[in-house]
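Line order of the protein sequences matches chains A and B.
If you count the first sequence from 1, position 337 lands on 337 in the working numbering, and the numbers rise without skipping.
If you count the second sequence from 1, position 121 lands on 1121 in the working numbering, and the numbers rise without skipping.
Structure first, commentary second.
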Amino acid sequence: MSRSAAPGFAVALTVLVIGVLIAFTVGRYPIALSDLFSVILGKLSGRPPDVPPIVENVIWQVRGPRVIAAALVGAALAVAGTAFQGLFRNPLVSPDILGASSGAALGAVLGIFFSLGVLAIQSLAFVGGLLAVAAVYLIGSAVRSRDPVLVLVLTGVVIGALLGAGVGLVKYLADPYNQLPAMTFWLLGSLAATTLSDLLPLFGPVAAGTLVLIALRWRMNVMSLPDEEARALGVPTGPLRVVIVAAATLVTSASVATAGIIGWVGLVVPHMARSLVGPDFARLIPAAALLGGGFLLVIDTVARTGAAIEIPLGILTAVVGTPFFIWLLTSVSRTWS
Amino acid sequence: MLNRRTLLGSLGAVLLLPGRARAATVVDSAGRSISVPARVERVFPAGPPAAILLYTLAPDLLIGWPRPNREEECEYMLPDICARPEVGRITGRGNTANLEVVLAFKPDLILDVGAIAPTFVSLASRVQEQTGIPYALLDGRFDAIVPTYRTLGALAHRSAAVESLAQYAEDTMTTIKGRIAGIPAEQRPKVYYARGPRGLETGLAGSINVEIIEFMGVRNVASQRPGGLALVSIEQVLLWNPDVIITIDRDFAAGVRHDPLWNAVNAVRDGRVHLSPKVPFGWVDFPPSVNRLIGLWWLAKIIYPELFPEDLRALTRDFYTRFYHRTPTDVQIEHVLAGRD
């Protein structure tokens, strides 16, 4: 790691650590700091802590899984956003550009429509995201063009709109008393129902996809160049693009399947990370992961403590993300061209 | 003696409004004057609450259902009426019926039961203007069941028949209100209404979903703020620590007993998690119509068991016979009470 990036990483790591600390200490169920420490110490030393069992339950079964899930989902969306922004050489791209979120949304609302269980709904969302991106990729590569990247983005937009219409159709046909509210909640994004058993199906794909992207970090730097230049440097842009899209999609679909649709994180956080550690993907991806995890943790803490009822994550991220995006638009010409 | 002008005038009226002699004017819940034809033989329900309300009073008038009934549901209703076709909905955003289709059914009256908000009042007037068919909007709130029934009786020319249903509703509500009136506030249990497979969707104060729970004079734990349905975190439920949980979700009701987290909640520890019956129509919140009347007895027995010694099986048989026009068998009653689909 070069010296210039160290302060940036320090900032990102601090954000994550502060995020975890705040997230663990505050919540709707009042837990004193001393109780929290004695529970954690008890876990480390193996001695049963001197607190009511419900306090332990809240920490290990409710708040713990949710904190980890928030950090993982935030990191996943930020990493996927970073990869896509680099791949498409466009600062306004977010992880759902190739239809992953729309596909996952259609999968989830179909699951709710057919009254399936939580696990089946999440699996359908995950598969829906993967299938949507696969379809976009196949159609995009079937179109012969001088600018394959542009074709891919346009195909993603079009397929995303079609899937959006599918979501609309399912909502239209859904039972307005039972299914429609469930669909609305899912589409707004939330971690309220996270349990321990959700963590493994989330962690597996996110870790796998992120590791692939980290392994490809040098080639991703080259991919940020125009296609001809990258190929002139001996990088096989076609196959590499498939791998990067697959890894980023895996990461995105897993997080959307767990948390529902959460916009803005994958758009905004890569820019924050870039301003901290620069454009080199070797640093950018880990920094984005740390920062994204911390960012969504803070957002989710507000979502679960702000009111007696949950505030949807998608709404909070939009409130934070919109001003940032506008600022980005005013400065984009300066930084990217 | 007819002069030429009245003759032409009545001829015009006949041409414009074939077969629709205006007989009476009824004021609906929104204060709109509805001219009801002398003969009402076909009524178009604007949504599920209207269809159920009309079915309980005058099943023969019902043109069809907003969505087709399932076979399991038809076992509790008049089979030929239950099998009537799907006609869609024409209110609010869930607008799935085409107005031409509505007209093709040749209804004498369109019946809508639900919220009396400016949105729905203006929609009602627009549809009435467009189709030329009287469109009555009745108050769908649970408290308004009795006046709503009487207005429907006047609209459908069934004022005599409606009395027994209205009387049943009034007696039920008065009896239950009367018995729980003396209970001091601190002895009323805290109730949490759980929806969704994880039980984390709930109804806020004043939402249509918790109307009959609030009618019971209990403390709905989620009632600090008004609204509709909302998502809450399990931490919040643990903090509320409700004494009774009412749910409509079978998966949640089955799983909650073995969930170590939920076991910290009083209601779960004391075995006071209750799954609402739901055939042919839900007993607690959906569709928000008269089907909730029997839910009132069910809730009363759950929340204040010592005050309500009545046999729920007998009450169920009586209610289903009066309102759904078909006496259920003992096996069917068990099936209903178990909360099965």
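Even glycine gets a Cβ: it sits at the ideal position worked out from N, Cα and C.
Item                                                                                                                                     : Value
Euclidean distance between Cα positions of A1185 (chain B) and G1217 (chain B)                                                           : 9 angstroms
Best match in A:R146, A:T82 and A:F126 for proximity to G103 (chain A) [C-alpha to C-alpha]                                              : A:F126
Three-state secondary structure assigned by DSSP to T1329 (chain B)                                                                      : coil
Alpha carbon of I1208 (chain B) to alpha carbon of D1285 (chain B), nearest angstrom                                                     : 7 angstroms
Closer than 8 angstroms to chain A by CB, P1280 (chain B)                                                                                : no
Straight-line Cα distance separating G8 (chain A) from V15 (chain A)                                                                     : 11 angstroms
Contact residues within the segment 57-74 of chain A, judged by C-beta distance below 9 angstroms to chain B                             : N57, V58, Q61, V62, R63 and R66
Short CB-CB distance (under 8 angstroms) between A193 (chain A) and chain B                                                              : yes
Below-8 angstroms beta-carbon distance, P48 (chain A) vs any chain B residue                                                             : no
Spatial distance of D1139 (chain B) from A1117 (chain B) (CA atoms)                                                                      : 10 angstroms
Whole-number beta carbon distance between Y1304 (chain B) and I1246 (chain B), since they are thought to touch under 8 angstroms         : I1246 (chain B) to Y1304 (chain B), Cβ: 14 angstroms. No contact.
Members of the segment 278-295 of chain A near chain B, C-beta cut-off 8 angstroms                                                       : none
Chain A contacts from the segment 1035-1052 of chain B (Cβ-Cβ distance under 9 angstroms)                                                : G1047 and P1048
Distance CB(A1046 (chain B))-CB(I1133 (chain B)) smaller than 8 angstroms                                                                : no
Cα-Cα separation, T155 (chain A) to L98 (chain A)                                                                                        : 8 angstroms
Length of the line joining the Cα atoms of A5 (chain A) and W1240 (chain B)                                                              : 47 angstroms
Contacting residues, own chain, Cβ-Cβ under 7 angstroms from A1166 (chain B) (five flanking each side not counted)                       : V1146, Y1149 and R1150
DSSP state of P1045 (chain B) mapped onto helix, strand, coil                                                                            : strand
Near-chain A residues of the segment 1189-1202 of chain B (beta-carbon distance less than 7 angstroms), N- to C-terminal order           : G1196, P1197, R1198, L1200 and E1201
Neighbourhood of A1050 (chain B) by C-beta distance below 6 angstroms, restricted to the same chain and skipping five residues each side : L1111, D1112 and V1113
Neighbour flag for D1112 (chain B) against chain A, beta carbons, 8 angstroms                                                            : no
T317 (chain A), buried or exposed, once every other Cβ within 10 Å from all chains shown has been counted against 16                     : buried
Interface residues of chain A facing D1285 (chain B) [CB-CB closer than 8 angstroms]                                                     : Y177
Residues that DSSP places opposite K1301 (chain B) in a beta bridge                                                                      : DSSP lists no partner for K1301 (chain B).
Local Cβ density within 10 Å of S145 (chain A), reported as buried at 16 or more and exposed below that                                  : exposed
Touching by the beta-carbon criterion (3+ pairs, under 8 angstroms), the segment 37-45 of chain A and the segment 218-231 of chain A     : no
For P1066 (chain B) and P1048 (chain B), believed in contact at Cβ under 8 angstroms, the rounded distance                               : 5 angstroms
Continuous beta strand (DSSP E) stretch holding I1246 (chain B): start and end                                                           : V1244 to T1247
Residue environment, L329 (chain A), which counts as buried when at least 16 other CB atoms sit within 10 Å                              : exposed
Amino acids of chain B, ordered along the chain, whose beta-carbon sits closer than 7 angstroms to that of R403 (chain A)                : With chain A represented from 1 up to 337, any question about residue 403 (chain A) goes unanswered, as that position is not in the structure.
Members of the segment 1260-1271 of chain B that neighbour chain A once the beta carbon cut-off is set at 8 angstroms                    : P1260, L1261 and A1264
Whether L77 (chain A) touches V265 (chain A) by CB criterion (8 angstroms)                                                               : yes
A69 (chain A) and L211 (chain A) closer than 8 angstroms at C-beta                                                                       : no
Which listed residue (B:G1031, B:C1082 and B:V1101) has its alpha carbon closest to that of L1054 (chain B)                              : B:C1082
Limits of the alpha helix (DSSP H) - the one that K171 (chain A) falls within                                                            : P148 to L173
Cβ neighbours of L995 (chain B) in the same chain (closer than 6 angstroms, five flanking residues each side left out)                   : Residue 995 (chain B) is absent from the model: chain B starts at 1001 and stops at 1341.
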